[in-house]
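A.B. asks: Residue numbers (this note's numbering): -2 to 558.
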Ligand SMILES: Cc1cc2nc3c(=O)[nH]c(=O)nc-3n(C[C@H](O)[C@H](O)[C@H](O)COP(=O)(O)OP(=O)(O)OC[C@H]3O[C@@H](n4cnc5c(N)ncnc54)[C@H](O)[C@@H]3O)c2cc1C
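1) Identify every residue that forms a DSSP beta bridge with residue 382.
2) Taking the runs of the alpha helix (DSSP H) that are 4 residues or longer, which of them lie wholly in the region 211 to 267?
3) With distance defined between alpha-carbon atoms, name the residue in 139, 255, 484, 190 nearest to residue 234.
4) With a floor of 3 residues, list each beta strand (DSSP E) that falls wholly inside the region 89 to 139, ordered by position along the chain.
5) Are the region 170 to 190 and the region 212 to 229 in contact at 8 angstroms, needing three or more beta carbon pairs?
6) What's the call for residue 158, buried or exposed, on a 16-neighbour Cβ count within 10 Å?
7) Quick one: what's got a C-beta closer than 7 angstroms to residue 217's C-beta in the same chain, skipping five residues either side?
8) Ignore the nearest five residues each way along the sequence and tell me which others in residue 439's own chain have a CB closer than 6 angstroms to its CB.
9) For residue 53, which beta-bridge partners are listed by DSSP?
10) Between residue 39 and chain C, is any beta-carbon pair separated by less than 8 angstroms?
11) Whole angstroms are fine: how far does the CA of residue 123 sit from the CA of residue 40?
12) Count the CB pairs spanning the region 441 to 458 and the region 474 to 484 that are closer than 8 angstroms, and state whether there are at least three.
13) Any heavy atom of ligand 1 closer than 7 angstroms to the Cβ of residue 34?
14) Assuming residue 248 contacts residue 313 under a Cβ cut-off of 8 angstroms, what Cβ separation, rounded to an integer in Å, is found between them?
15) Between residue 348 and ligand 1, is there a pair consisting of the residue's CB and a ligand heavy atom that are separated by less than 7 angstroms?
16) How many Å lie between residue 493 and residue 370 at the Cα?
17) Which residue marks the beginning of the beta strand (DSSP E) containing residue 366, and which one marks its end?
18) If you draw a straight line from the C-alpha of residue 330 to the C-alpha of residue 297, how long is it?
19) Cα separation between residue 480 and residue 290?
20) I need the DSSP call for residue 408, collapsed to helix, strand or coil.
21) Run the CB neighbour count on residue 119, radius 10 Å, all protein chains shown included, and call it buried at 16 or more, exposed below.
22) Within 10 Å of its beta-carbon, does residue 115 have 16 or more other beta-carbons around it, so buried, or fewer, so exposed?
23) Terminal residues of the continuous beta strand (DSSP E) containing residue 340?
24) Taking all protein chains shown into account, decide if residue 65 is buried (16 or more other Cβ within 10 angstroms of its Cβ) or exposed.
25) Count the other CB atoms within 10 Å of the CB of residue 346; is the residue buried (16 or more) or exposed (fewer)?
26) With residue 479 as the anchor, note down where its beta strand (DSSP E) starts and where it stops.
27) Put residue 539 into one of helix, strand or coil per three-state DSSP.
28) Would you list the residues sitting across from residue 171 in a DSSP beta bridge?
29) Using only the alpha-carbon positions, how far apart do residue 86 and residue 21 sit?
30) Rounding to the nearest angstrom, what Cα-Cα distance links residue 340 and residue 58 in this structure?
31) For the beta strand (DSSP E) that contains residue 270, what are its first and last residues?
32) List the endpoints of the continuous beta strand (DSSP E) containing residue 286.
33) Counting pairs of Cβ atoms below 8 angstroms between the region 89 to 105 and the region 248 to 264, do you hit three or more?
34) Measure the alpha-carbon distance for residue 15 versus residue 77 and round it to whole angstroms.
35) With a threshold of 7 angstroms, establish whether the CB of residue 48 neighbours any heavy atom of ligand 1.
36) Measure from the alpha carbon of residue 522 to the alpha carbon of each residue in 510, 546, 534, then state which is nearest.
Structural data, given as C-alpha cells:
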C-alpha cells in the first residue's frame, strides 16, 4: 500500500520556471508531467489528483479483483514521494480541482480529506480527468458496483472475498469480459448481460462468436440482445421479464468523457461530446491543453472526431502535449483504436474499422479471412487463430483487422496496425520481411498470407464468397463443394454440399456438373487451390472466405449452432 500522505510536497526547486498544472495523475496526466520534466528542468510542475493514488495501473484492476494480481502494490506504479525525488513533481493527491478561472489563470483545489480550499496559479494547464462511467437510470442501480479506480477495486475485492453465490456483469465489452473472467477465477457463477446482439461490439459478429465460445467453455453464461431493466436486492430483471440471480452486480456499460473541468473553463466541446482539441492538444483556450479519455480524437480511417478511450492513446497524447508546451513541434496523430483483450485462454485484438461500421458508413470494402497457426505446426505448442482483414477494393488501403485465438494474435494485429500507420496497403503485406524460426512463426507469416490473399482478391481473378452471400448463391443454383477429406466431410459440413477432396478433384469433376461452384475447405487454403484448378478447367468457381471454420463461427453468431 502506498505510504503517500495528502500533505503537499515541496514545490519545484525552480520558482522562476513556467508554472504548469496537470489535473489527473494517471495515464495522460502523468505522461505529460514526466515528459515535460525531461524537457524542462526549470518548469514548476504540479499534478492534482482527486483519488488517493497516482500513476496506478487501472488496466490491471480486474485482475486484482479476481486474485490473479495478489499484491495491490503491484498496481501502484508510483508514489508522490518517488515522483518528487526523481522528477521534482509536486504531486497532490486527495485534491480535487473544483473551479477554473481561465482569465486569471487560477484554480481552486479542495482537499477531499478536509474540505479545505486553496488557490493555484498556472501559465499552462493540462486536463487529463479521464472518463465517467455510465450509470443508466435503471431502478436499483445504486447497488451496482463499477470498476474504475483503485478504491473501486478494493470494494469489489471485498465483495468477491465474501464469496457471493452469483454475479451478473452488465455489459459485454472489454472490462466487462475481463471482470467476468476474474469472477470465474474466484469461483463465482457469472452471467454477462449485453443489450446489443453480440458481446465485444468492436468485433464483427462471427469473430465475437469465437470469444463467446471461450467464455461459455469456462462456464460464463451469456445473455445478448436483452437489456437489464431493474436491479433487485437479489438479482436483475431483464427486458423480457426473466430474473437472473445476482448477489453481486457489476456495471460495465461504457464511459463518457469527463468534461466537467472543461465546462468550468468554458472550453469548446466537440461533436461527440468530448473536449475539442487541436493536433497540438490545445483546447479552445491556447493555455489549456487536454489529453486522454476526456478528449475527442481524430479517427485515422474516416478523419472524423471519435471517442477512443485507451491507455496507449492517452500516454501518446500526454507526451505530445509536453512537447508542445516545451516548444517542440508535434505531429498530428490520428487514432486507429487498436485494442486487445485476454479472455481466458484466448486473445481478441482489433484495429481500425470493422465490417459493421464500414457497411453503416456505406464505404466499399473487400475482406479476407484466415485461420493460421501461431507458428510452424511441426514445432510444439502452435495455436490456431482467426484473422479477418478489411481493405479498400480500389486502393488496397487497409481499413481494419480483427483476430481471435491463442498465441501470436497480438503480434499480427500490431503488425497490421503498424502497416496502417505507415500507409502499407493490404497486398504489400505480402512483401513484409518478418522474423521467422519455427517456434515463432511460419516462413510465410500469417500477415504475409493476408497480403497474398488480398492480392488475389484485388487481381479480380479470385473473388471470394462471404458468409452472408452463401444462401443467395445456392438459391441461384451454385453447387457447394467441400474439398476436404472424406473424414473431415463426415465429421460435419455445410448442409447440402458435395464432397470432392482436393486431391481427387480432377477425377471427380465430370460427376459434379458444370457449376458454378462455391468451394470450401477447413480454413480457405485448399479451397483456393481448388478454385484455381476449376478456373483452369474453364469452370466458374469462388472460394468461401475462411472456409468451414468461418462458416461455423457465422452460424454461431446467427444463433444457428
Ligand atoms: C478497469 C479498467 C481497465 C482498463 N483496461 C485497459 C486496457 O487493458 N488497455 C487500455 O488501453 N486501456 C484500458 N483502460 C482504459 C485506460 O485506463 C484509460 O484509457 C486511461 O487511463 C485514460 O487516461 P486518462 O489520463 O485520460 O484518464 P485516467 O487514467 O482515468 O485518469 C484520470 C484521473 O483524473 C482524476 N481527476 C478527474 N477529475 C479531477 C479533478 N477535478 N481534480 C483532480 N483529479 C481529477 C481522476 O481521479 C483520475 O485518477 C482500462 C480502464 C479501466 C477502468
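All residues carry an ideal CB built from backbone N, CA and C; glycine is no exception.
Only a predicted model underlies this, so the values are computations on that prediction, with no experimental measurement involved.
C.D. replies: Reading it off the structure:
1) 402
2) 257 to 261, all fully within the region 211 to 267.
3) Residue 234 has its Cα closest to that of 190, out of 139, 255, 484, 190.
4) Listed in chain order, they are 92 to 98, 103 to 108, 114 to 118, 121 to 124, 128 to 130.
5) With the cut-off at 8 angstroms, the region 170 to 190 and the region 212 to 229 touch.
6) Flag for residue 158 reads exposed.
7) Sequence-distant partners of residue 217 (beyond 5 residues in either direction) whose C-beta falls short of 7 angstroms from its own C-beta, in its chain, are 177, 181, 187, 189.
8) 373
9) The bridge partners DSSP lists for residue 53 are 73.
10) Among the chains of the structure shown, chain C does not appear; only one protein chain is present.
11) 14 angstroms
12) no
13) no
14) With 8 angstroms as the limit, residue 248 and residue 313 do not qualify as a contact, their Cβ atoms being about 29 angstroms apart.
15) no
16) 29 angstroms
17) 363 to 367
18) 8 angstroms
19) When rounded, the distance between both Cα atoms is 49 angstroms.
20) helix
21) buried
22) exposed
23) Looking at the DSSP string, the run of the beta strand (DSSP E) that includes residue 340 is 336 to 340.
24) Exposed: under 16 other Cβ atoms inside 10 Å.
25) buried
26) Unbroken beta strand (DSSP E) run through residue 479: 476 to 479.
27) The three-state secondary structure of residue 539, taken from DSSP, is strand.
28) Per DSSP, none; premise fails for residue 171.
29) Here the alpha carbon of residue 86 sits roughly 13 angstroms from the alpha carbon of residue 21.
30) 15 angstroms
31) Here residue 270 belongs to no beta strand (DSSP E), and DSSP marks it neither H nor E.
32) 285 to 287
33) yes
34) 21 angstroms
35) yes
36) Among 510, 546, 534, the Cα nearest to that of residue 522 belongs to 546.
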